[in-house]
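S.K.: Pasting a structure below so you can have a look.
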């Protein structure tokens, strides 16, 4: 092999065509690894005769040789250029295949010439080359000064910049000859690379009745690709293309394309005509987070979406809904960017966005939304607070405990009467979870307010949350309140105290039996009965003949648990009482205790005189 290598190396440096023939013969007849070595020598020599023959036979070579030739397409430069002008169809197809697969844009002009080929297969293959170049070079930019911006070209080398200019020149030439070849692929490539506002390139070709302009509009309407995003956005600034551009954006549903449109809008939002064109997008089909989820876009697209959405002329409700989805599910930076723009919305829609933002997957977004709510004293706090206590984010929960303690408790009291029982219970449990000690302090303050209605609320809350034992000192105090309704409620609450407090509670209830108000005494009797100890039976027995029907009825009912015979006799007597109120109360006891006592005649008489059905 070393001897053959010397021969091949010598042939590489020989200038005569016969050397290529020797190497080509070695490729056909020699065994491996000599055949591949001969191919490498032809590629290294880069002579037209040898490289042209390689291109002609490209379709017949094994894959490993094809890959080698594609990787060294620049070594085939002369052979590819010559092969492109050959009459043989397969040779031209081989030429185009190598140019396309190698992305060898320095020979884009060869593909441009073959767009006019009479063989439709060759012309289509040339068009595919332009599509490949358009997709590959969509990150290239030229401005009004004909400068090539190489910021997105890997390495940014001068040779690469030169290749790109050759490509742009080839596309320009293809557009000039569009009337001859009618291949829209070249127009597509131009749209991928050159923005619509670069007038010196398009040279009035974008006008409505120009053949290129007509094709541009059709491509905008029919093709959804990210590579066309820059052209579409800049087309919004063109009087000739604006309609096609905003219709294209309006119906967009492809996530990568939509994301790239948003990114390009950020690059061109300083153009007033672009901003104006965005306002024409009234009914974007993509502005539905259930169908086009923003969180499924790549990160740069998510970051660009808030301003893109806001720039459209869509109804505010739809934009707020999409903003909500961005804040709730997109990456952290996108959510924060969206929150920074909510001042552009009405207060009503702003509240909707904030409602979703505090439930964001990202803690920073949830915290930012909470800051806005607190800063503006937003009324939505009352609606958010229960959920925020259960937030998965530690910082949010901590902020609620440190910043909203006073607010949530005062809000609860302020809305106590407007809540139903279930909501009162749920909200009450929540505020004591936030900070039990502070909540209890608020309760004590409320229990000492001058309005009797406030003190009644405090008693009701203590009963509802089973906190009577924790509030006994204040409830004891309220059993001597100047308001009879407060005293009555306090006495009733004592009946719910736990047994371990029964001695203190019983003493306070015995005092309440001397109250001048029958309601208070009746509730005291009921509360004493709830204590459930034999010691209270003699106390109850003292009141089964009370002249006050409520006190008498409650005493009989409570005594049923300790002395059923005595209580039953007292109930019979009460049902036969000459006073209607006592008879009605007696029947009430009968129903409440579900007594099995057989007194049909007495009941019948009582019903006739009191009009109460049992």
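Numbering (my numbering), first residue to last: 254 to 867. All C-beta atoms, glycine included, are put in the ideal place defined by N, C-alpha and C. Here the structure is a predicted model, which means the values were calculated and not measured.
Mapping DSSP to helix, strand and coil, what is residue 795?
M.R.: As a working mapping, residue 795 is identified with position 542 in the chain shown. Residue state, collapsed to three classes: coil.
S.K.: Which residue comes first and which comes last in the alpha helix (DSSP H) that contains residue 368?
M.R.: Here residue 368 refers to the residue found at position 115 when the chain shown is read from its first residue. Counting along the chain, residue 368 falls outside any alpha helix (DSSP H), and DSSP gives it neither H nor E.
S.K.: What's the gap between the Cα of residue 662 and the Cα of residue 482?
M.R.: Taking the first residue of the chain shown as 1, we reach residue 662 at position 409. Taking the first residue of the chain shown as 1, we reach residue 482 at position 229. Going by the C-alpha atoms only, they are around 53 Å apart.
S.K.: For residue 829 and residue 846, what's the separation of their Cα atoms in angstroms?
M.R.: Position 576 of the chain shown holds residue 829. Position 593 of the chain shown holds residue 846. For residue 829 and residue 846, the distance between alpha carbons rounds to 17 Å.
S.K.: If the criterion is Cβ atoms closer than 9 Å, does the pair residue 326 and residue 333 meet it?
M.R.: For the purposes of this step, residue 326 is taken as the residue at position 73 of the chain shown. For the purposes of this step, residue 333 is taken as the residue at position 80 of the chain shown. In contact: residue 326 and residue 333 (Cβ atoms closer than 9 Å).
S.K.: Should the segment 675-683 be called in touch with the segment 693-703, which here means at least 3 C-beta pairs below 8 Å?
M.R.: These segments do not touch.
S.K.: By DSSP, does residue 815 sit in helix, in strand, or in coil?
M.R.: Stepping through the chain shown from its first residue, residue 815 is reached at position 562. Coil, per DSSP.
S.K.: Would you tell me roughly how many angstroms separate the C-alpha atoms of residue 768 and residue 721, rounded to the nearest one?
M.R.: To locate residue 768, count along the chain shown from 1; it is residue 515. To locate residue 721, count along the chain shown from 1; it is residue 468. Spanning the two alpha carbons is a distance of roughly 21 Å.
S.K.: Can you tell which of 368, 571, 579 has the C-alpha that lies nearest to the C-alpha of residue 552?
M.R.: Locating residue 552 in the chain shown gives position 299, counting from the first residue. Of 368, 571, 579, the residue nearest in Cα terms is 579.
S.K.: Quick test of your reading: residue 383 and residue 444, contact by CB under 8 Å. State the CB separation rounded to the nearest angstrom.
M.R.: Taking the chain shown and counting its residues from 1, one reaches residue 383 at position 130. Taking the chain shown and counting its residues from 1, one reaches residue 444 at position 191. About 11 Å separates the two Cβ atoms, so there is no contact after all.
S.K.: So what's residue 594 in DSSP terms, helix, strand or just coil?
M.R.: Locating residue 594 in the chain shown gives position 341, counting from the first residue. If DSSP states are grouped into helix, strand and coil, residue 594 belongs with coil.
S.K.: Would you call residue 807 buried or exposed, if buried means 16 or more other Cβ atoms sit within 10 Å of its Cβ?
M.R.: Within the chain shown, numbered from 1, the residue matching residue 807 stands at position 554. Flag for residue 807 reads buried.
S.K.: Looking at the structure shown, is residue 340 part of a helix, part of a strand, or coil, going by DSSP?
M.R.: Walking along the chain shown from the start, residue 340 turns up at place 87. Coil at residue 340, not helix or strand.
S.K.: Apart from the five residues just before and just after residue 508, which ones in its own chain have a Cβ nearer than 7 Å to its Cβ?
M.R.: What you label residue 508 is simply residue 255 of the chain shown in a count that begins at 1. Only 545, 549, 550 meet the Cβ criterion.
S.K.: By Cβ distance below 7 Å, which residues in the same chain neighbour residue 391 in space, the five residues on each side in sequence not counted?
M.R.: Residue 391 sits at position 138 when you count from the first residue of the chain shown. Contacts found: 445, 446, 480.
S.K.: Could you give the uninterrupted runs of the alpha helix (DSSP H) lying entirely in the segment 463-509, keeping only those of 4 residues or more?
M.R.: Listed in chain order, they are 464-475, 482-488, 495-503.
S.K.: Just to confirm, are residue 223 and residue 547 a CB contact at a threshold of 9 Å?
M.R.: Any answer about residue 223 is impossible in this case: the structure gives the chain only from 254 up to 867.
S.K.: Taking the alpha helix (DSSP H) that residue 322 falls in, what are its first and last residues?
M.R.: Position 69 of the chain shown, counting from 1, holds the residue named residue 322. First-last of the alpha helix (DSSP H) with residue 322: 316-324.
S.K.: For residue 677, tell me which candidate among 626, 742, 716 has the shortest Cα-Cα distance.
M.R.: Here residue 677 is taken as the residue at index 424 of the chain shown, counted from 1. When only C-alpha atoms are compared, the closest one is 716.
S.K.: Express the C-alpha separation of residue 644 and residue 745 in angstroms, rounding to a whole number.
M.R.: Taking the chain shown and counting its residues from 1, one reaches residue 745 at position 492. Taking the chain shown and counting its residues from 1, one reaches residue 644 at position 391. Spanning the two alpha carbons is a distance of roughly 38 Å.
S.K.: For residue 784, does the count of other Cβ atoms within 10 angstroms reach 16, so buried, or fall short, so exposed?
M.R.: Counted from its first residue, the chain shown places residue 784 at position 531. Classification for residue 784: buried.
S.K.: Just to confirm the assignment: which complete alpha helix (DSSP H) runs, minimum length 4, are found wholly within the segment 727-765?
M.R.: Correct list: 737-747, 755-765.
S.K.: Where does residue 664 sit, in a helix, a strand or coil, going by DSSP?
M.R.: One-based indexing of the chain shown puts residue 664 at position 411. It is helical.
S.K.: Closest to residue 422 by CA distance: which of 572, 386, 338 is it?
M.R.: Reading the chain shown from its first residue, position 169 is the one you call residue 422. For the residues 572, 386, 338, the minimum Cα distance to residue 422 belongs to 386.
S.K.: Beta carbon of residue 770, beta carbon of residue 741: below 9 Å?
M.R.: Here residue 770 corresponds to residue number 517 of the chain shown, with the count starting at 1. Here residue 741 corresponds to residue number 488 of the chain shown, with the count starting at 1. Their beta carbons are under 9 Å apart, which means residue 770 touches residue 741 by this criterion.
S.K.: Decide if residue 372 is buried, meaning its Cβ has at least 16 other Cβ atoms within 10 Å, or exposed.
M.R.: As a working note, residue 372 is residue 119 in the chain shown. Residue 372 should be labelled exposed.
S.K.: Ordered along the chain, which non-local residues of its own chain (more than five positions away) have a Cβ less than 6 Å from that of residue 820?
M.R.: Here residue 820 is taken as the residue at index 567 of the chain shown, counted from 1. Cβ within range, chain order: 809, 812, 813.
S.K.: Just the C-alpha distance for residue 454 and residue 608, rounded to the nearest angstrom, thanks.
M.R.: Residue numbering aside, residue 454 sits at position 201 when the chain shown is read from its first letter. Residue numbering aside, residue 608 sits at position 355 when the chain shown is read from its first letter. Distance between the alpha carbons of residue 454 and residue 608 is about 49 Å.
S.K.: Can residue 573 and residue 598 be called in contact, C-beta distance under 9 Å?
M.R.: Residue numbering aside, residue 573 sits at position 320 when the chain shown is read from its first letter. Residue numbering aside, residue 598 sits at position 345 when the chain shown is read from its first letter. Result yes, Cβ atoms of residue 573 and residue 598 sit closer than 9 Å.
S.K.: In its own chain, which residues sit with a C-beta less than 7 Å from the C-beta of residue 838, not counting the 5 before and 5 after it?
M.R.: As a position in the chain shown, residue 838 is number 585, starting the count at 1. Counting only Cβ-Cβ distances below 7 Å, and skipping sequence neighbours, we find 802, 803, 805, 806, 827.
S.K.: Near residue 605, which residues of its chain fall below 7 Å by C-beta distance, leaving aside the five closest residues on each side in sequence?
M.R.: To locate residue 605, count along the chain shown from 1; it is residue 352. Within the same chain, residue 605 has close Cβ partners 573, 577.
S.K.: Three-state secondary structure (DSSP) at residue 683?
M.R.: On the chain shown, position 430 is the one that residue 683 refers to. Three-state result, residue 683: helix.
S.K.: Going by CA-CA distance only, name the one from 714, 759, 756, 773 that's closest to residue 735.
M.R.: By 1-based counting over the chain shown, the position of residue 735 is 482. Checking every option, the nearest Cα to that of residue 735 belongs to 773.
S.K.: Quick one: is residue 612 buried, meaning 16 or more other Cβ sit within 10 Å of its Cβ, or exposed?
M.R.: As a working note, residue 612 is residue 359 in the chain shown. With 16 or more other Cβ atoms within 10 Å, it is buried.
S.K.: In terms of residues, what are the limits of the alpha helix (DSSP H) holding residue 716?
M.R.: Numbered from 1 along the chain shown, position 463 holds the residue referred to as residue 716. Its alpha helix (DSSP H) spans residues 705-717.
S.K.: Less than 9 Å between the beta carbons of residue 616 and residue 654, yes or no?
M.R.: Reading the chain shown from its first residue, position 363 is the one you call residue 616. Reading the chain shown from its first residue, position 401 is the one you call residue 654. Against a cut-off of 9 Å, the Cβ pair of residue 654 and residue 616 comes out as no contact.
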